[in-house]
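Chemist: Just dropping this structure here.
Number of protein chains: 2
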Amino acid sequence: MKLEVKHFDLSTGGPLVAVLDDEDAKKLGLMALDRIRIRRLRSKKEIIANVDISTEGIKPGKIGLFFETLQRLGVQEGVHVDIEPASRPRSIDVIMKKLDGHILTREELSILVDDLIHDRLSEVETTYFVAGAYTKGFTLEESAMLTEISVDLGFKLGLKNKIIVDKHCIGGVPGNRTTMIIVPIIAAAGLTIAKTSSRSITSPAGTADVMEVLAPVSLNHEKVKRVVQETGGCIVWQSSLSPHGADEKLIKVRHPLSLDPQGLLLASIMAKKKAVGATHVLIDIPVGEGAKLTYRAGNMLKKKFISLGRKLGMKIKVIITDGSQPIGSGIGPALEARDVLEVLEGDGPEDLRAKSIFIATELLKLAGVKKAKQVVLDVLNSKAAYHKFLEIIRAQGGRKHLIIPEAKYFYSVESPKSGVVKHIANKLIAKLARIAGTPDDKSAGIYLNVRRNNHIHKGDVLFTVYANNAKRLDYAKQFVKRHHKKVVVVG
Amino acid sequence: MKLEVKHFDLSTGGPLVAVLDDEDAKKLGLMALDRIRIRRLRSKKEIIANVDISTEGIKPGKIGLFFETLQRLGVQEGVHVDIEPASRPRSIDVIMKKLDGHILTREELSILVDDLIHDRLSEVETTYFVAGAYTKGFTLEESAMLTEISVDLGFKLGLKNKIIVDKHCIGGVPGNRTTMIIVPIIAAAGLTIAKTSSRSITSPAGTADVMEVLAPVSLNHEKVKRVVQETGGCIVWQSSLSPHGADEKLIKVRHPLSLDPQGLLLASIMAKKKAVGATHVLIDIPVGEGAKLTYRAGNMLKKKFISLGRKLGMKIKVIITDGSQPIGSGIGPALEARDVLEVLEGDGPEDLRAKSIFIATELLKLAGVKKAKQVVLDVLNSKAAYHKFLEIIRAQGGRKHLIIPEAKYFYSVESPKSGVVKHIANKLIAKLARIAGTPDDKSAGIYLNVRRNNHIHKGDVLFTVYANNAKRLDYAKQFVKRHHKKVVVVG
């Protein structure tokens, strides 16, 4: 069927979509979400797109193409194209097989990842895959294959170093910005660490958000490679390296239900490590009240990481850490960046410093470095790590003179009584920081003056909320009024 | 955040979608598929819509609204609206619960159906529900509750008759157009049958497609009620009665994987019966080679229908029938309509006639009619059923003089040898008919000259393919050449 192209000036952000008039669709026996082959006339260029059917907005004889579809086909409004029904991509059978509870083969997983990368699956189909992974699970073998396939078909940094160390934290603990301290320590100790980090989705800040206070983090492949080759380290936003990866498409449809199928999660984490060529990886699993996992669940996950590492030929060490209260004083990009700089300068919050030293030491030990703890303390105390950090910041394109933005407004919360801090609620702290404007407002957030078991007096400041607009601060105040005895519990 | 409305002249066919610029979305911490509340300025009117995020096609400070969203909010391009992040609808927790394998309560199912009907769920979220229903299943109690809730919150025909009979066939057998014979028999026998039927999705024709050869089938609520009150029967397209029902939204996302979660299927069928007020229902489950179900699976489904009917206070009779070959000679809307008229006029294919008499008899028995078989034969032989059919056709708006369209081209396939017909392949017959142009080309299809166990001679015509354009006929010929020894197997 020959149709005239109408341009819908809109991006779908991935899937190729073509809109047909109801009657035209009927003539070809097409239903919404079916596929068509669209061919340019007098050209061999053709693409497969998902059909959307409309009774409004498109006339018979016309075909509406969204930005990506138009671009991929290389046509403009007004030209004619030929369309015909196309068959489903092979991964549909793979998805069906997972929904039916079967174990997938390497070939089947390859078909799936390839179709995801090349935008051959609609959002609905991708959702069925995530639902299958969630309800029927993945074996470790499947997760290992998925990891390898994602790297093979996707992004590889291509460093030649024999040893590349890496770290990952499961997250869920406000503050806890150890990565930005560990990376310069490792690089200053002469090892290589190509760290790719995420931005916040629901937390007050991700490492990429915090690093962005000091330097650009959206670097392309070549630039990242050069930064690591020059300095031995980097801290960049992982999605800028493979914006069209299979993982990014899965994340989009996982979001509405916050679904985290463990088999996919494991593969996603390990693929990011394998993509940068990591050989020695430390995984931090914070557990406890207010953390993502209980001690028991953390231990089960630990075993899976270790087995998966073995299958993938990577040396993995997993540490279970206390995730029951924030780590560091700052919560929010600028406040956390300040903590990081202070620790590297020899000061800063003791808990953040101690955890960073511990992880850096474990990483060096894992990579076979002798007297690891002494090495870590040396590069930290001599400021070698601090200077390495400045070097990395500049290599990524950051300014020579660091300027950390400060919020216009603040509001301090005092203890209503004397006593001991019994509990600090991670989730309420995170929520309060987001209400104050994190992560997009870099200078917003919370500064915590206390930790669990601190003895305090009535009237002592427990924490301060920072915001850049009065309305945000007001919302934060209201939230504190409703919840503050639960945010920091004094007993 | 105040934004200026841009009209995207396009319908999504349901879900309310608003497109935001990437940067604006970030400012509010919104991700794709999140929800926002959109409020008209100087008005209390507001709606909740799903967010789509675009880097192309929408400028900062603007919000793109699709047809439905614009209409529901009652605004025009250029006006300003105020938006803020909105929370997820309550049914998200219900969907999560099903994915986790739990049984849903009546209240939870009500929340879900209500959100489906009112377009509060995105396609991705709806897909998670279908995937949950498929992988974790429904108890009969859940299916019964879902049936009742769908009717309560959705469409009800509102007839006052004490006894309303109905029938349903699980499908999968080409031809098999018994409904159009049974409805006039039942109505001529003095009972009431308000039959709502489907169009074809993947078959050569649905009952609504075949009836449409003779009369309009897209009737509104009031019209259907009047037709049934006047004539005692009707044969209409079910989706024209509740185009925005929860079921229609589930069907859309079930289509890409052809997913048929049995718990949803049962509720969907029973809700359609309950919506027309059916009290006595016969379910036909064709089984065997080439049918949808095996004998064993058919029997399991039979038990579920009977239990479900009991829970819903309906008298159900389930028959397991031979579905291993087509029933009737015509396959395709016009050819099937011809078979139906011939049977009602006292002639026509013997198998179609026998099955229709059997089902009509069982239905009358179920409704307590004495000497049911004699009643059926009487109204059939006296042409009372035929005249009732003409009456129903006219009441629905059909022409007085029926014109059945004929195809321009045909191609007869002869037996390559003498012998006995061993098998007729339902699925290949269905595929061939669709290649020839069914269901949209009403006159296209297949006319079968033989049935299983018929003795035939070399050169006898096995079947004839009808098409309205030479290219279609050519495709059909090629398909026959590739498959014809499997379409009708002569041994």
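As they're listed, the protein sequences go chains E and L. Residue numbers for the first sequence follow my numbering, so the first one is 944 and each next one is one higher. Residue numbers for the second sequence follow my numbering, so the first one is 944 and each next one is one higher. The beta-carbon is built from N, C-alpha and C at its ideal position, and this holds for glycine as well. This one's a predicted model, so the numbers in the text were calculated from it and none came from an experiment.
Starting from residue 1141 of chain E, find everything on chain L with Cβ-Cβ shorter than 9 Å and list it in chain order.
Modeler: The contacting residues do not exist; residue 1141 of chain E stays about 13 Å from chain L at best.
Chemist: Quick check: is the beta carbon of residue 952 of chain E nearer than 7 Å to any beta carbon in chain L?
Modeler: Output row for residue 952 of chain E: interface = yes.
Chemist: Tell me whether residue 1051 of chain L is buried or exposed, calling it buried when 16 or more other Cβ atoms sit within 10 Å of its Cβ.
Modeler: That one is buried.
Chemist: Between which residues of its own chain and residue 1303 of chain L is the CB-CB distance below 7 Å, once the five residues before and five after are set aside?
Modeler: Cβ within range, chain order: 1125, 1128, 1129 and 1319.
Chemist: What are the start and end residues of the alpha helix (DSSP H) that includes residue 961 of chain E?
Modeler: Residue 961 of chain E -> not in any alpha helix (DSSP H); beta strand (DSSP E) instead, spanning 960 to 964.
Chemist: Using beta carbons (cut-off 7 Å, strictly below), is residue 997 of chain L in contact with chain E?
Modeler: It does; some Cβ of chain E falls within 7 Å.
Chemist: Going along the chain, which residues of the region 1367 to 1379 of chain L sit with their C-beta nearer than 9 Å to a C-beta in chain E?
Modeler: Going along the region 1367 to 1379 of chain L in chain order, one finds 1377 with a Cβ nearer than 9 Å to chain E.
Chemist: Let's test the definition: count the other Cβ atoms within 10 Å of the Cβ of residue 1022 of chain L and tell me whether it reaches 16, buried, or not, exposed.
Modeler: Result: exposed.
Chemist: I'd like to know whether the C-beta of residue 947 of chain E is nearer than 7 Å to at least one C-beta of chain L.
Modeler: Not one chain L Cβ lies under 7 Å of residue 947 of chain E.
Chemist: Under 7 Å between C-beta atoms, does residue 1066 of chain E make it to chain L?
Modeler: At least one chain L Cβ lies under 7 Å of residue 1066 of chain E.
Chemist: Residue 1024 of chain E and residue 990 of chain E - do their beta-carbons sit closer together than 7 Å?
Modeler: No, the Cβ-Cβ distance between residue 990 of chain E and residue 1024 of chain E is not below 7 Å.
Chemist: Whose CA, out of E:1410, E:1109 and E:1396, lies closest to the CA of residue 1379 of chain E?
Modeler: Taking only the C-alpha atoms, the option nearest residue 1379 of chain E is E:1410.
Chemist: Indicate whether residue 1266 of chain E and residue 1292 of chain E have their beta-carbon atoms separated by less than 7 Å.
Modeler: Against a cut-off of 7 Å, the Cβ pair of residue 1292 of chain E and residue 1266 of chain E comes out as no contact.
Chemist: Measure from the C-beta of residue 974 of chain E to each C-beta in chain B and report whether the shortest distance is under 7 Å.
Modeler: Judged by its chain identifiers, the structure shown contains no chain B, and its protein chains are E and L.
Chemist: Residues in its own chain within less than 7 Å of residue 1393 of chain E by CB, not counting five upstream and five downstream?
Modeler: Excluding sequence neighbours, residue 1393 of chain E sits near 1364, 1399, 1405 and 1431.
Chemist: Just the chain L side, please: which residues come within less than 7 Å of residue 1042 of chain E by C-beta, in chain order?
Modeler: The contacting residues are 1074, 1077 and 1078.
Chemist: Inspect the beta-carbon positions of residue 1315 of chain E and residue 1323 of chain E and report whether they are closer than 7 Å.
Modeler: Result no, Cβ atoms of residue 1315 of chain E and residue 1323 of chain E do not sit closer than 7 Å.
Chemist: Would you grab the beta carbon distance between residue 1157 of chain E and residue 1179 of chain E for me? Rounded to a whole angstrom, and I think it's under 8 Å.
Modeler: That pair is no contact at about 12 Å.
Chemist: Can you pull the chain E residues whose beta carbon is under 7 Å from the beta carbon of residue 1071 of chain L, in chain order?
Modeler: Chain E residues near residue 1071 of chain L: 1070, 1074 and 1200.
Chemist: Assuming residue 1236 of chain E and residue 1225 of chain E make a contact with CB atoms under 8 Å, what is their CB distance in whole Å?
Modeler: The pair is not a contact, with the Cβ atoms about 17 Å apart (cut-off 8 Å).
Chemist: Is DSSP giving residue 1384 of chain L helix, strand or coil here?
Modeler: Three-state DSSP puts residue 1384 of chain L in coil, outside helix and strand.
Chemist: Terminal residues of the continuous alpha helix (DSSP H) containing residue 1283 of chain L?
Modeler: Run containing residue 1283 of chain L: 1276 to 1287, per the alpha helix (DSSP H) assignment.
Chemist: In chain order, what are the residue ranges of uninterrupted beta strand (DSSP E) at least 3 long that sit wholly in the region 1095 to 1139 of chain L?
Modeler: Taking only runs of at least 3 residues, the beta strand (DSSP E) segments lying wholly in the region 1095 to 1139 of chain L are 1108 to 1112.
Chemist: Taking Cβ positions only, does residue 1383 of chain E come closer than 7 Å to chain L?
Modeler: Closer than 7 Å: yes.
Chemist: Measuring straight from C-alpha to C-alpha, what distance separates residue 1104 of chain E and residue 996 of chain E?
Modeler: So the alpha carbons of these two residues sit roughly 52 Å apart.
Chemist: According to the neighbour-count rule (16 or more other Cβ atoms, all chains shown, within 10 Å of its Cβ), is residue 1421 of chain L buried or exposed?
Modeler: The residue is exposed, with fewer than 16 neighbouring Cβ atoms inside 10 Å.
Chemist: Considering residue 995 of chain L, what are the terminal residues of the beta strand (DSSP E) in which it resides?
Modeler: Note, residue 995 of chain L: beta strand (DSSP E), 989 to 997.
Chemist: Relative to the C-alpha of residue 1008 of chain L, which candidate in E:1010, E:1000, E:1011 and E:1014 has its C-alpha closest?
Modeler: Of the listed residues, the one whose Cα sits closest to residue 1008 of chain L is E:1000.
Chemist: Identify whether residue 973 of chain L lies in helix, strand or coil by the three-state DSSP scheme.
Modeler: Note: residue 973 of chain L maps to coil in three-state DSSP.
Chemist: Which first and last residues belong to the alpha helix (DSSP H) in which residue 1046 of chain L is found?
Modeler: Segment: none, residue 1046 of chain L is in no alpha helix (DSSP H) and carries neither H nor E.
Chemist: If you reduce the DSSP assignment to three classes, tell me which class residue 1351 of chain L lands in.
Modeler: If DSSP states are grouped into helix, strand and coil, residue 1351 of chain L belongs with coil.
Chemist: Taking 7 Å as the limit between beta carbons, can you name the residues of its chain near residue 1123 of chain E, skipping five residues before and five after?
Modeler: Closer than 7 Å at Cβ, skipping near neighbours: 1150, 1153, 1154, 1178 and 1283.
Chemist: Rounded to the nearest angstrom, what separates residue 1248 of chain L and residue 1239 of chain L at their Cα positions?
Modeler: Their Cα atoms are separated by approximately 15 Å.
Chemist: Which whole runs of the alpha helix (DSSP H) in the region 1028 to 1084 of chain L are 4 residues long or more, in chain order?
Modeler: Counting only runs of 4 or more, we get 1034 to 1042, 1049 to 1060 and 1066 to 1079.
Chemist: What residues in the region 1195 to 1221 of chain L have a beta carbon less than 7 Å from any beta carbon of chain E?
Modeler: If the cut-off is 7 Å between Cβ atoms, the region 1195 to 1221 of chain L has 1195, 1196, 1198, 1199 and 1200 near chain E.
Chemist: Where does residue 1365 of chain L fall in DSSP's three states?
Modeler: Residue state, collapsed to three classes: strand.
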